[in-house]
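Throughout the sequence shown, residue numbering follows my numbering, covering 1 to 159 in sequence.
Take a look at the structure below.
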Amino acid sequence: MTSSKILSLSQAIEQAAQWRAEEQRIVFTNGCFDIVHLGHLDYLEKARALGDRLVLGLNTDASVSRIKGLLRPVVNEYARSRMMAAMAFIDLVVLFDEPTPKELIEAIRPDILVKGDDYTVATIVGADFVLANGGSVETIPLVKGYSTTSLIERIKQSF
């Protein structure tokens, strides 16, 4: 069952340690993933291709609301986490409520930290930690024309 890929922080730390002991390269990324679209799938698939395991830090509903506004998320964290866990290229989903994933990144200790190319290494939260611990930080080109915000706007305009 894909819900078994959704772990608490302590379980995620334990799983990451096991993967490290098996010399598997852990990739980490994070986001809201409110309404999943082609851009998300492309990004996550490319992120997973950079290593052996992909850990996804998923913002809680409260965190999404703080970042995106009171009308978000459109899809609740239970449904978002289940959908993310159902993707074959995601190995582990862990929810986080903090303003940034810094603490989660430091706990998981990924080999590779990934964000979209709308970020630079200098602006990626946790990049300094990953680099200082011998890891790498990568940006992935985003598929143009796909964003949850623009999708919501298109839906609103259709009414």
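All C-beta atoms, glycine included, are put in the ideal place defined by N, C-alpha and C.
These numbers come from a predicted model, not from an experiment.
- Between the segment 96 to 111 and the segment 75 to 88 there are fewer than three C-beta pairs closer than 8 Å, too few to call the two in contact.
- With a beta-carbon spacing of about 6 Å, residue 139 and residue 115 fall inside the 8 Å limit used to define contacts.
- Around residue 76, the same chain offers 61 as residues with beta carbons nearer than 7 Å, after the five sequence neighbours per side are excluded.
- Residue 145 counts as exposed, since fewer than 16 other C-beta atoms from the protein chains shown sit within 10 angstroms of its C-beta.
- A straight-line Cα-Cα distance of about 27 Å links residue 100 and residue 21.
- Taking a contact as a CB-CB distance under 8 Å, the pair residue 93 and residue 6 counts as one, their CB atoms being some 5 Å apart.
- The straight-line gap separating the alpha-carbon atoms of residue 104 and residue 27 is approximately 13 Å.
- Relative to residue 55, the option among 121, 15, 123 whose CA is nearest is 15.
- Here residue 2 is not bridged, per DSSP, to any residue.
- Residue 115 has 139 as its beta-bridge partners, per DSSP.
- Taking residue 97 as the centre and dropping the five residues before and after it, the same chain places the C-beta of 60, 62, 63 closer than 7 Å to its C-beta, in chain order.
- If you check the CB distance, residue 67 and residue 151 do not come in under 7 Å.
- Residue 128 counts as exposed, since fewer than 16 other C-beta atoms from the protein chains shown sit within 10 angstroms of its C-beta.
- Only buried fits residue 73, as 16 or more other CB atoms lie within 10 angstroms of its CB.
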